[in-house]
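S.K.: Below is the structure I would like to discuss, written out as structure tokens.
Numbering (the working numbering), first residue to last: 17 to 358.
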């Protein structure tokens with residue numbers, strides 16, 4: 017096979033077999049955590065349906081395959097939060113939380129057009145979990161009456177979509193890959209083994225995230241700086257001012273439209289305390305932050321397991337409270353007040 021997808025062999029095999037047999041669905045949902053490879057899989061489906069050398073296995077070398085990868089094929093239309101943001105001012109884009117009806121209508125306009133030079137029109141919508149009520153209803157209408165020449169692929173970080181939308185699509189839920197498989201994929205792309213081990217551990221099985229991070233050293237540096245700041249918060253139990261200034265800054269980011277940035281901080285912090293819990297429970301081989309084993313061991317030695325476990329849960333609760341429109345500064349300050357102490 018020439019799909020060249022790292023992992024997700026079951027999904028590739030299912031898609032390939034159905035395309036070759038002519039039993040592929042008119043609409044799919046590819047779901048899973050960000051960075052798992054959902055976008056790459058969607059592009060490969062578009063190539064498999066339109067490759068000039070034959071259907072089923074994309075050659076990735078013909079004119080059609082290369083144009084699909086570049087985003088310039090006339091019969092493959094891609095939309096999502098990124099394309100929506102590109103059409104508006106930067107400060108307004110930062111506040112966007114949902115896929116608007118205008119984005120969906122523009123995307124749907126292409127569905128009404130027959131293929132121009134390929135065998136199929138392929139419509140890919142990223143961030144489908146961000147469809148609001150109005151745009152979800154518009155999407156549902158399209159899925160109820162799909163044209164026979166089009167394939168619709170909804171790419172979502174969760175399956176938190178209208179049940180009626182989900183029921184009209186073939187759903188493929190992608191799962192994180194084993195750490196060793198991510199390491200091998202990175203090494204195969206000429207990344208030094210020690211760096212590959214570190215990125216694979218940090219990735220949580222998300223090979224797309226690991227490959228992107230490997231190509232952007234600034235991402236790695238920013239992560240290390242953020243984690244250091246979070247670890248230091250625990251050292252300010254007698255100086256709440258420092259910790260509360262951190263909460264104030266994150267709350268300002270959240271109110272300014274940078275909600276995902278704040279969620280990334282909390283996810284990183286929860287990962288750190290999960291590692292502390294694993295070390296305390298005698299499972300150090302499973303930690304994510306493998307470059308900070310000494311710090312993890314120090315934290316695990318000074319705290320009781322129930323205390324660590326409770327704080328991991330509190331970070332998850334804080335994340336949920338923010339998603340439910342809780343006051344960001346109050347939520348974060350309350351979290352800081354419950355930081356583990358000896």
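By construction, the Cβ of each residue, glycine as well, lies at the ideal position given by its N, Cα and C atoms.
1) Pair every Cβ in the region 304 to 312 with every Cβ in the region 206 to 225, then say whether three or more of these pairs are closer than 8 Å.
2) Across which residues does DSSP place residue 186 in a beta bridge pair?
3) In chain order, what residues of the same chain lie with their CB nearer than 8 Å to the CB of residue 82, ignoring the 5 residues before and after it?
4) Can you tell me whether residue 317 is buried or exposed? The criterion is at least 16 other CB atoms within 10 Å of its CB, across all chains shown.
5) Which residue or residues does DSSP assign as beta-bridge partners of residue 172?
6) Checking the sheet assignment: what are the DSSP bridge partners for residue 92?
7) What residue from 174, 113, 65 has the CA that sits closest to residue 148's CA?
8) Any idea which residues DSSP pairs residue 212 with across the strands?
9) Please go through the same chain and pick out, in chain order, the residues whose beta-carbon is closer than 8 Å to the beta-carbon of residue 64, but skip the five residues on each side of it.
10) Should residue 346 go down as buried or exposed, given a rule of 16 or more other Cβ atoms within 10 Å for buried?
11) Excluding the 5 residues preceding and the 5 following residue 24 in the sequence, name in chain order all residues of the same chain whose CB lies nearer than 7 Å to its CB.
12) If contact is defined by three or more beta carbon pairs under 8 Å, each pair taking one atom from either stretch, is the region 219 to 234 in contact with the region 309 to 328?
13) Under 8 Å, do residue 154 and residue 171 count as touching if we go by C-beta distance?
14) Which stretch, first to last residue, makes up the alpha helix (DSSP H) that contains residue 300?
15) Going along the chain, which residues of its own chain have a beta-carbon closer than 7 Å to the beta-carbon of residue 351, five neighbours each way excluded?
16) Report the three-state DSSP secondary structure of residue 166 (helix, strand or coil).
17) Starting from the Cα of residue 120, find the closest Cα among 141, 302, 133 and give me that residue.
18) Is DSSP giving residue 284 helix, strand or coil here?
19) As a quick exercise: from 301, 343, 289, 315, pick the residue whose alpha carbon is nearest that of residue 326.
20) Output the distance between the C-alpha atoms of residue 242 and residue 277, rounded to the nearest integer angstrom.
21) What does the alpha-carbon distance come out to for the pair residue 294 and residue 174?
22) Once you ignore the five residues that flank residue 69 on each side, which residues in its own chain have a CB closer than 6 Å to its CB?
23) Are residue 202 and residue 221 closer than 8 Å when you measure CB to CB?
24) Let me make sure I understand the geometry here. Which of 146, 61, 66, 126 has the alpha-carbon closest to that of residue 98?
25) Under the rule that 16 or more other beta-carbon atoms within 10 Å means buried, what is residue 296, buried or exposed?
26) Looking at residue 279: is its Cβ nearer than 8 Å to the Cβ of residue 349?
27) Provide the residue(s) that pair with residue 147 in DSSP beta bridges, ordered along the chain.
28) Rounded to a whole number of angstroms, what is the C-alpha to C-alpha distance between residue 39 and residue 176?
29) State the start and end residues of the unbroken alpha helix (DSSP H) segment that holds residue 34.
M.R.: So, from the listed chains and residues:
1) When Cβ pairs closer than 8 Å are counted between the two stretches, the region 304 to 312 is seen to touch the region 206 to 225, the count reaching three or more.
2) BP columns for residue 186 point to 44.
3) Hits under 8 Å: 76.
4) In summary, residue 317 is exposed, with fewer than 16 beta-carbon neighbours lying within 10 Å of its beta-carbon over all protein chains present.
5) According to DSSP, which records beta bridges pairwise, residue 172 is partnered with 47.
6) In the DSSP output, where bridge partners are listed per residue, residue 92 has 138.
7) When each option's Cα is compared against that of residue 148, the closest is 113.
8) The partner list for residue 212 (beta bridge, DSSP) is empty, contrary to what the question assumes.
9) Only 19, 31, 32, 35, 71, 72, 73, 74 meet the Cβ criterion.
10) Result: exposed.
11) Hits under 7 Å: 53, 57, 190.
12) The way I'd put it, the region 309 to 328 doesn't touch the region 219 to 234; fewer than three beta-carbon pairs between them come closer than 8 Å.
13) No, the pair does not count as a contact, with Cβ atoms beyond the cut-off.
14) That residue, residue 300, is in no alpha helix (DSSP H); it is neither H nor E in DSSP.
15) Same-chain partners within the cutoff: 330, 331, 334.
16) Residue 166 falls in the strand class under three-state DSSP.
17) Checking every option, the nearest Cα to that of residue 120 belongs to 141.
18) Note: residue 284 maps to helix in three-state DSSP.
19) The candidate whose alpha carbon is nearest that of residue 326 is 289.
20) So the two alpha carbons sit approximately 11 Å from each other.
21) Near 26 Å, if we compare the C-alpha coordinates of residue 174 and residue 294.
22) The beta carbon of residue 69 is closer than 6 Å to those of 75, 78 in its chain, skipping five residues each way along the sequence.
23) Their beta carbons are not under 8 Å apart, which means residue 202 does not touch residue 221 by this criterion.
24) Of the residues 146, 61, 66, 126, the one whose Cα lies closest to the Cα of residue 98 is 146.
25) Around the Cβ of residue 296, a 10 Å sphere holds 16 or more other Cβ atoms; the residue is buried.
26) No, Cβ-Cβ distance for residue 279 and residue 349 is not below 8 Å.
27) In DSSP, residue 147 forms a bridge with 115.
28) Cα to Cα, residue 39 sits roughly 26 Å from residue 176.
29) Per DSSP, the continuous alpha helix (DSSP H) segment holding residue 34 begins and ends at 25 to 37.
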